[in-house]
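S.K.: In this note's numbering, the protein residues as written are 22 to 193.
(1) Using a threshold of 7 Å, is the CB atom of residue 28 nearer than that to any non-hydrogen atom of the ligand ZN?
(2) According to DSSP, is residue 156 part of a helix, a strand, or is it coil?
(3) Roughly how many whole angstroms lie between the Cα atoms of residue 139 and residue 145?
(4) Roughly how many angstroms lie between the CA atoms of residue 37 and residue 80, to the nearest whole one?
(5) Can you give me the C-alpha to C-alpha distance between residue 39 and residue 46, rounded to a whole angstrom?
(6) What's the C-alpha gap between residue 74 and residue 85?
(7) Opposite residue 18 in the DSSP bridges: which residues?
(8) Could you compute how far the alpha carbon of residue 152 sits from the alpha carbon of residue 42?
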């Protein structure tokens with residue numbers, strides 16, 4: 022009994038250290054599972070290519086696939102240059118011949134996008150270009166509403182009715 026009275030605090034500390042080690046081991050094991058399961062596909066955005074007769078728009082959703090080892094660095098680089106890369110891809114799509122859109126797998130378009138991105142990033146982080154959600158949309162399906170005028174006051178701050186707030190009232 023004197024042994025228990027003398028060493029009970031040391032025993033409690035050992036038990037707490039063991040519980041702590043078990044919890045830390047479990048959390049690290051789960052973290053490595055999540056790290057392995059993270060996707061190495063990074064979205065670049067949605068792009069529209071207009072047909073030569075200007076009656077159709079082709080929508081393309083573009084993603085880049087990077088190597089798993091460089092995933093975090095590539096994602097941070099792409100996020101830092103998001104709008105520059107978006108502009109580069111748009112420019113390259115506008116310069117391309119629309120006949121490349123007839124290709125079912127879009128090989129030439131993917132290659133041109135990859136070349137443009139490699140030139141802009143000046144680093145070989147991109148393994149593959151993925152294009153999905155390809156849709157041909159007629160131009161007349163896009164509803165162009167009235168242009169928003171940021172200088173026009175909102176109806177809540179004026180004595181105008183909400184229907185007159187569009188700026189089409191006779192009083193103006």
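The beta-carbon is built from N, C-alpha and C at its ideal position, and this holds for glycine as well.
M.R.: The relevant details are as follows:
(1) With respect to the ligand ZN, the structure shown offers nothing to examine, as it has no ligands at all.
(2) strand
(3) 6 Å
(4) 58 Å
(5) Cα to Cα, residue 39 sits roughly 11 Å from residue 46.
(6) In a straight line, the C-alpha of residue 74 is about 30 Å away from that of residue 85.
(7) The displayed coordinates of the chain run from 22 to 193. Any statement about residue 18 would go beyond what the structure contains.
(8) 46 Å
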